[in-house]
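Enquirer: Take the sequence shown: its letters are residues 613 to 767, numbered as in our numbering. Here a beta-carbon is modelled for each residue, glycine too, at the ideal position from N, C-alpha and C. Below you will find the structure I want to go over with you.
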Amino acid sequence: MPSGGARARSGPAPTSTERSHKAKSDAQGWVTLPIDGRDGPLPAWPLASPNDREMELWERLWETPQAVMWDQLRQEFEVASYVRLLARAEAPRSSAIIWGQVKQLAESLGLSVSGMARNRWTIDAVNADEDQPATLAAVSPVADLAARLKAVQGE
């Protein structure tokens, strides 16, 4: 087995500082996805005989911000595979192996925080009142550490 060399997850996670309301790439290769998610018709289910739960998950996932990229990359089969596995994993007494596969697919599709970072995707955060990117203070009423500690202590 070779030693050394680059690994897919080695080193610090990439960071993004730029946010935009439109889906676009920045100079570092980050893609900002629209917070509203994907618009457009639902893609056709590419696998055989979906059940009701699979179709419910399929519809919900294709409305997410990540679906903008899946559509562009034509990942219908990958999303359907994830949906089918997730529906199986939800069943009583499902195996840890299935849950592991669900986790791997979720990461590759950008459905987890680590998957979003690995794909270099970020979701646009727009303050609806001002139509400007939201700041930490706008997202959280207790933005600084001292205020958060006081909130936890009940002061």
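Specify the secondary structure class of L645 as computed by DSSP and reduced to three states.
Expert: Indexing the sequence shown from 1 puts residue 645 at position 33. DSSP places L645 in strand when its eight states are reduced to three.
Enquirer: Closest to E719 by CA distance: which of I709, W670, I710, N731 is it?
Expert: Mapped onto the sequence shown, residue 719 falls at position 107. E719 has its Cα closest to that of N731, out of I709, W670, I710, N731.
Enquirer: Below 8 Å CB to CB, which residues in the same chain sit around K715 once its five sequence neighbours on both sides are set aside?
Expert: The residue given as residue 715 occupies position 103 in the sequence shown. S724.
Enquirer: With distances taken from CA atoms, which of I735, L717, A701 is nearest W711?
Expert: The count along the sequence shown starts at 1 and reaches residue 711 at position 99. Looking at the Cα atoms, A701 is the closest of the given residues.
Enquirer: List the residues that DSSP assigns as beta-bridge partners of I735.
Expert: In the sequence shown, residue 735 corresponds to position 123, counting from 1. Paired residue(s): L645.
Enquirer: What is the DSSP secondary structure of V713, reduced to helix, strand or coil?
Expert: By one-based count along the sequence shown, residue 713 stands at place 101. Reading off the sequence, residue 713 comes out as Gln, not Val. If DSSP states are grouped into helix, strand and coil, Q713 belongs with the helices.
Enquirer: Taking only three categories from DSSP, how would you classify A660?
Expert: Counted from its first residue, the sequence shown places residue 660 at position 48. Three-state DSSP puts A660 in coil, outside helix and strand.
Enquirer: Should G722 be labelled buried (16 or more other beta-carbon atoms within 10 Å of its own) or exposed?
Expert: Working through the sequence shown from its first residue, we reach residue 722 at position 110. Answer is buried; the Cβ neighbour count reaches 16.
Enquirer: Take V643 as the anchor and find which of Q678, Q687, S661 has the nearest alpha-carbon.
Expert: Stepping through the sequence shown from its first residue, residue 643 is reached at position 31. The shortest Cα separation from V643 among Q678, Q687, S661 belongs to Q678.
Enquirer: Leaving out five residues on either side along the sequence, give the residues of the same chain with a beta carbon under 6 Å from the beta carbon of P655.
Expert: Against the sequence shown, residue 655 aligns to sequence position 43. Result list for P655: E688, in chain order.
Enquirer: From which residue to which residue does the alpha helix (DSSP H) around L698 run?
Expert: In the sequence shown, counting from the first residue as 1, residue 698 sits at position 86. Residues 688–701.
Enquirer: Within 10 Å of its beta-carbon, does L560 have 16 or more other beta-carbons around it, so buried, or fewer, so exposed?
Expert: Residue numbering for the chain in the displayed model covers 613 to 767; residue 560 lies beyond these limits and cannot be assessed.
Enquirer: Quick one: grab the DSSP three-state call for Q640.
Expert: As a first step, residue 640 must be located in the sequence shown, where it is residue number 28. Here Q640 sits in coil by DSSP.
Enquirer: Considering only C-alpha positions, which residue in the set R665, T734, L669, L717 is nearest to E690?
Expert: Within the sequence shown, residue 690 is the residue found at index 78, counting from 1. With distances taken between Cα atoms, E690 lies closest to L717.
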